[in-house]
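Working notes, beginning with the structure itself.
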(Lines of atoms letter the chains of each structure in order from A; the text may use other names.)
(Lines give C-alpha, C1' and ligand atoms only; values in the text may rest on other atoms or scores of the structure.)
Protein backbone atom coordinates (compact mmCIF):
# COMPACT_ATOMS: atom_id res chain seq x y z
CA UNK A 1 0.00 0.00 0.00
CA UNK A 2 1.32 3.43 -0.80
CA UNK A 3 1.67 6.34 1.60
CA UNK A 4 -1.03 8.12 -0.38
CA UNK A 5 -3.46 5.23 0.04
CA UNK A 6 -2.85 5.09 3.79
CA UNK A 7 -3.20 8.85 4.27
CA UNK A 8 -6.35 8.92 2.11
CA UNK A 9 -7.96 6.62 4.69
CA UNK A 10 -6.34 7.72 7.96
CA UNK A 11 -5.24 11.27 7.27
CA UNK A 12 -1.68 12.40 7.99
CA UNK A 13 0.32 9.70 9.76
CA UNK A 14 4.01 9.08 10.29
CA UNK A 15 6.24 6.80 8.27
CA UNK A 16 6.58 4.32 11.16
CA UNK A 17 2.84 3.69 11.21
CA UNK A 18 2.75 3.31 7.44
CA UNK A 19 5.55 0.73 7.64
CA UNK A 20 3.75 -1.14 10.43
CA UNK A 21 0.55 -1.21 8.38
CA UNK A 22 2.42 -2.42 5.30
CA UNK A 23 4.01 -5.25 7.30
CA UNK A 24 0.55 -6.78 7.65
CA UNK A 25 0.28 -7.22 3.87
CA UNK A 26 -3.18 -5.65 4.00
CA UNK A 27 -4.92 -3.94 1.11
CA UNK A 28 -6.38 -0.44 1.22
CA UNK A 29 -9.84 -2.03 1.39
CA UNK A 30 -8.81 -3.96 4.50
CA UNK A 31 -7.40 -0.78 6.06
CA UNK A 32 -10.65 1.04 5.34
CA UNK A 33 -12.60 -1.79 6.96
CA UNK A 34 -10.37 -1.68 10.05
CA UNK A 35 -10.82 2.10 10.26
CA UNK A 36 -14.60 1.63 9.98
CA UNK A 37 -14.54 -0.87 12.86
CA UNK A 38 -12.74 1.63 15.05
CA UNK A 39 -15.10 4.46 14.22
CA UNK A 40 -18.45 2.69 13.89
CA UNK A 41 -18.20 -0.71 15.56
CA UNK A 42 -21.76 -0.59 16.93
CA UNK A 43 -23.16 0.03 13.45
CA UNK A 44 -21.18 -2.85 12.00
CA UNK A 45 -22.25 -5.15 14.84
CA UNK A 46 -25.88 -4.11 14.26
CA UNK A 47 -25.42 -5.15 10.62
CA UNK A 48 -24.46 -8.61 11.98
CA UNK A 49 -20.96 -8.30 10.54
CA UNK A 50 -18.47 -10.68 12.15
CA UNK A 51 -15.76 -9.18 14.33
CA UNK A 52 -12.60 -8.47 12.34
CA UNK A 53 -9.98 -11.17 12.10
CA UNK A 54 -6.93 -11.87 9.99
CA UNK A 55 -5.30 -8.80 8.47
CA UNK A 56 -8.25 -6.55 9.32
CA UNK A 57 -8.04 -7.66 12.94
CA UNK A 58 -4.31 -6.97 12.98
CA UNK A 59 -4.91 -3.50 11.56
CA UNK A 60 -7.57 -2.79 14.19
CA UNK A 61 -5.04 -3.63 16.92
CA UNK A 62 -2.42 -1.36 15.34
CA UNK A 63 -4.87 1.50 14.98
CA UNK A 64 -6.23 1.04 18.51
CA UNK A 65 -2.72 1.43 19.87
CA UNK A 66 -2.31 4.83 18.22
CA UNK A 67 -5.92 6.04 17.99
CA UNK A 68 -5.55 9.00 20.43
CA UNK A 69 -2.75 10.32 18.21
CA UNK A 70 -4.94 10.09 15.12
CA UNK A 71 -7.67 12.22 16.72
CA UNK A 72 -5.30 15.08 17.60
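In UniProt numbering, the protein residues as written are 1 to 72.
A virtual CB, placed ideally from N, CA and C, is assigned to each residue, including glycine.
Only a predicted model underlies this, so the values are computations on that prediction, with no experimental measurement involved.
Among residues of its own chain, excluding the 5 on either side of residue i, which ones have a beta-carbon nearer than 8 Å to its beta-carbon?
| i | result |
| --- | --- |
| residue 21 | 1, 6, 31, 59, 62 |
| residue 38 | 60, 63, 64, 67 |
Assign residue i to buried or exposed, taking buried as 16 or more other Cβ atoms, counted over all protein chains shown, within 10 Å of its Cβ.
| i | result |
| --- | --- |
| residue 24 | buried |
| residue 19 | exposed |
| residue 26 | buried |
In chain order, what residues of the same chain have a beta carbon less than 7 Å from the beta carbon of residue i, not counting five sequence neighbours either side?
| i | result |
| --- | --- |
| residue 34 | 52, 56, 59, 60, 63 |
| residue 17 | 66 |
Find the nearest neighbour of residue i within the set the options, judged by alpha-carbon distance.
| i | options | result |
| --- | --- | --- |
| residue 9 | 28, 54, 40 | 28 |
Apart from the five residues on each side of it in sequence, which residues of its chain come closer than 6 Å, Cβ to Cβ, to residue i?
| i | result |
| --- | --- |
| residue 3 | 18 |
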